[in-house]
Amino acid sequence: MYFDHSATTKTDERVLRTFIEVSTNYFANPASLHAAGKQTEKLLERARKQLLDTIGTGLTEGVFTSGGTEANNLAIVGYVLANQHKGRHLITTVVEHPSVFRTFQYLEEQGFTVDYLQVDEEGRISLKELESTLRNDTIMVSIMHVNNEIGTIQPIEESARIIHSTSRAVFHSDCVQSFGKLLPADFQDGPDLITVSAHKIYGIKGSGFLAFRKNLRLQPISFGGGQEATLRNGTVSVPHAAAFAKAARLQAEEVDLEKFRRWKNELQQFFAELDDCKVLAPNSSVPYILSVAFRNITGEVVVNFLQERDIIVSTSSACSSKNSDVSHVIEAIRLPKGFEKGVIRISFGKDQTIDEIHQIMEAVRQLMQLLKRGIGK
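What follows is the structure, given as structure tokens:
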């Protein structure tokens, strides 16, 4: 029973078939001038347009990358380096994915000034703090849409309105955990740059995408043959691009958030009634991610106990879960003493059943009974 869909998903067989078909029939280099290359290029541009349409926030330009991490790096470093003559002040949050958080730390080392917005106990930023932190020399703000560890939804539309009405800064949002679920969204005002990833929506690993507004100036962070409008050099994998577009279309057609909401509500109520358990971000998180903290027990113990019963959950973000320290996200929400190291994340997928939800509950009941007897700590 796999409950770690925020880490990755199993590739949909229909997506895999698209990948194989394109690999077999459209293998020519899309940069080539011959007819086969032109056919492949046409397929690449169709996939690009389909992804932009699926993101659905009015962004018209897009670059294929090797994943969300590269897309975030290109969005942030690419924009900041190309526009540093306008200012050297940047804003992000203390709960970003490492591919954003550490990129801003790198830019600090290069002499840029970075302000990190704090969050409340549910992981949400303060719009007042955002507004007061903006300066005349702020050139970029980066705020994720959905947190990968605790599922918190940030006020993206409100943030965009403040940024665009009171500053010259552009707004980037890491939408890897919201794409195909909360995104596309009907934003009246939204980010100028959005990053997404295929493998969170039953696509193929190694495939990301950066969407951005026309006329934004970006600088490449790798160099070569000038592919992807010189922004992402190297031969583009058209099979990955086509498969990503297919995964996005299927996800948009088939995602069932109401089912996830019912499951989460039942699990959330179950955990809320247990002693020594705390549901994280109960009022501000997405229907498909549930994070729970256990008092005076490590998340690793809980994960291993559930795994012995064929239930797979995670301790935190898979991008940093091998680090034994408490994650920067958990530190930022200031959990009560004793809960910090006991966090697990349960994230739902399309092929699960309510019976599997009940099996999680039964396994946790068994664990809590053992802990009361002093076993398993």
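Heads up, the sequence shown is in the UniProt record's numbering, so the first residue is 1 and it goes up one at a time.
C-beta: ideal position from N, C-alpha, C; glycine also.
Would residue i and residue j be called neighbours here (beta carbons separated by less than 7 Å)?
i, j, result
"Asn148", "His97", "yes"
"Val95", "Val329", "yes"
"Ala363", "Leu274", "no"
"Phe209", "Asp192", "no"
"Met140", "Val196", "no"
"Pro133", "Ser167", "Note on identity: in this sequence residue 133 is Thr, with Pro being the wrong assignment. Their beta carbons are not under 7 Å apart, which means Thr133 does not touch Ser167 by this criterion."
"Ala243", "Phe27", "no"
"Asp174", "Asn83", "no"
"Leu290", "Ile346", "yes"
"Lys278", "Phe339", "yes"
"Leu127", "Glu158", "yes"
"Lys214", "Glu61", "yes"
"Thr241", "Leu59", "For clarity, residue 241 is Ala in the given sequence; the question names Thr instead. Result no, Cβ atoms of Ala241 and Leu59 do not sit closer than 7 Å."
"Ile156", "Thr11", "no"
"Ile333", "Glu121", "yes"
"Ala272", "Leu335", "no"
"Gly104", "Thr92", "Checking the displayed sequence, the identity of residue 104 turns out to be Phe instead of Gly. Yes, these two residues count as a Cβ contact at 7 Å."
"Ser66", "Gly206", "yes"
"Asp276", "Arg295", "yes"
Can you name, in chain order, every residue of its own chain whose Cβ lies under 7 Å from the Cβ of residue i, other than the five neighbours on each side?
i, result
"Met368", "Leu274"
"Gly224", "Asn233, Gly234"
"Ala169", "Leu134, Thr138, Ile139, Met140, Val141, Ile163"
"Arg154", "What sits at residue 154 in the sequence shown is Gln, not Arg. Contacts found: Arg124, Ile125, Ile143, Met144, His145."
"Thr69", "Ser99"
"Val119", "Thr93, Val94, Val95, Ile125, Ala332, Ile333"
"Gln268", "Val279, Pro282, Leu290"
Would you mind working out which of the options sits nearest residue i, comparing C-alpha positions?
i, options, result
"Arg14", "Ile312, Pro287, Tyr202", "Tyr202"
"Val87", "Arg48, Pro30, Thr113, Leu74", "According to the sequence as given, residue 87 is Gly; it is not Val. Per the Cα distances, Thr113."
"Gly226", "Ser32, Phe212, Gln177", "Ser32"
"Phe348", "Ile354, Phe260, Ala293", "Phe260"
"Glu266", "Ile357, Ser237, Ala47, Pro336", "Ile357"
"Lys181", "Gly111, Val286, Arg334", "Val286"
"Leu250", "Asp325, Glu70, Gln50, Val238", "Gln50"
"Arg365", "Phe270, Asp325, Arg295", "Phe270"
"Gly78", "Thr24, Val301, Phe212", "Phe212"
"Asn25", "Arg373, Val238, Asp325", "Val238"
"Phe101", "Gln110, Asn304, Ile76", "Ile76"
"Leu117", "Tyr106, Val302, Glu131", "Glu131"
"Arg262", "Ala248, Phe187, Ile354", "Ile354"
"Met361", "Asn136, Val302, Arg373", "Val302"
"Asn136", "Gln352, His89, Val119, Arg373", "His89"
"Ile194", "Leu74, Arg373, Tyr106", "Leu74"
Comparing the C-beta of residue i with each C-beta of chain C, is any distance below 7 Å?
i, result
"Asn72", "No chain C is present in this structure, which holds just one protein chain."
Cutting at 6 Å between CB atoms, please list the residues of its own chain near residue i, excluding the five before and the five after it.
i, result
"residue 391", "There is no way to answer for residue 391, as the model of the chain reaches only from 1 to 377."
"Arg161", "Asp189"
"Val63", "Leu210, Glu228, Leu231, Arg232"
"Asp179", "Checking the displayed sequence, the identity of residue 179 turns out to be Phe instead of Asp. If we look at Phe179 and ignore the five residues flanking it on each side, its Cβ neighbours are Val196."
"Ala47", "Ala241, Ala242, Ala245"
"Gln352", "none"
"Phe187", "Thr57, Glu157"
"Arg17", "none"
Could you name the residues of the same chain whose beta carbon sits closer than 8 Å to that of residue i, not counting the 5 residues immediately before and after it, in chain order?
i, result
"Glu254", "Lys350"
"Asn29", "Gly37, Thr40, Thr235"
"Asp310", "Met1"
"Ser316", "Glu149, Gly299, Ser327, Val329, Ile330, Val343, Arg345"
"Ser165", "none"
"Gln359", "Met1, Arg309, Ile311"
"Thr230", "Pro220"
"Pro184", "Thr54, Ile55, Gly56, Thr57, Ala252"
"Gln177", "Ser6, Met144, His145, Val146, Asn147, Asn148, Gly151, Lys200, Val286, Ile289"
"Arg217", "Tyr79, Ala82, Asn83"
Name, in chain order, the residues that DSSP records as bridge partners for residue i.
i, result
"Tyr2", "Ile312"
"Arg345", "Ser291, Ser314"
"Ala211", "Gly62, Ile194"
"Cys277", "Phe294"
"Ile116", "The residue you asked about is not Ile; residue 116 is Tyr in the sequence shown. According to DSSP, Tyr116 bridges with Thr92."
"Ile153", "Val146"
"His358", "DSSP output for His358 lists no bridge partner at all."
"Phe179", "Leu183"
"Ile125", "Val119"
"Met140", "Leu90, Val170"
"Ser285", "Thr152"
### Query
With a cut-off of 8 Å, do at least 3 Cβ pairs link the region 46 to 56 to the region 266 to 286?
The region 46 to 56 is not in contact with the region 266 to 286.
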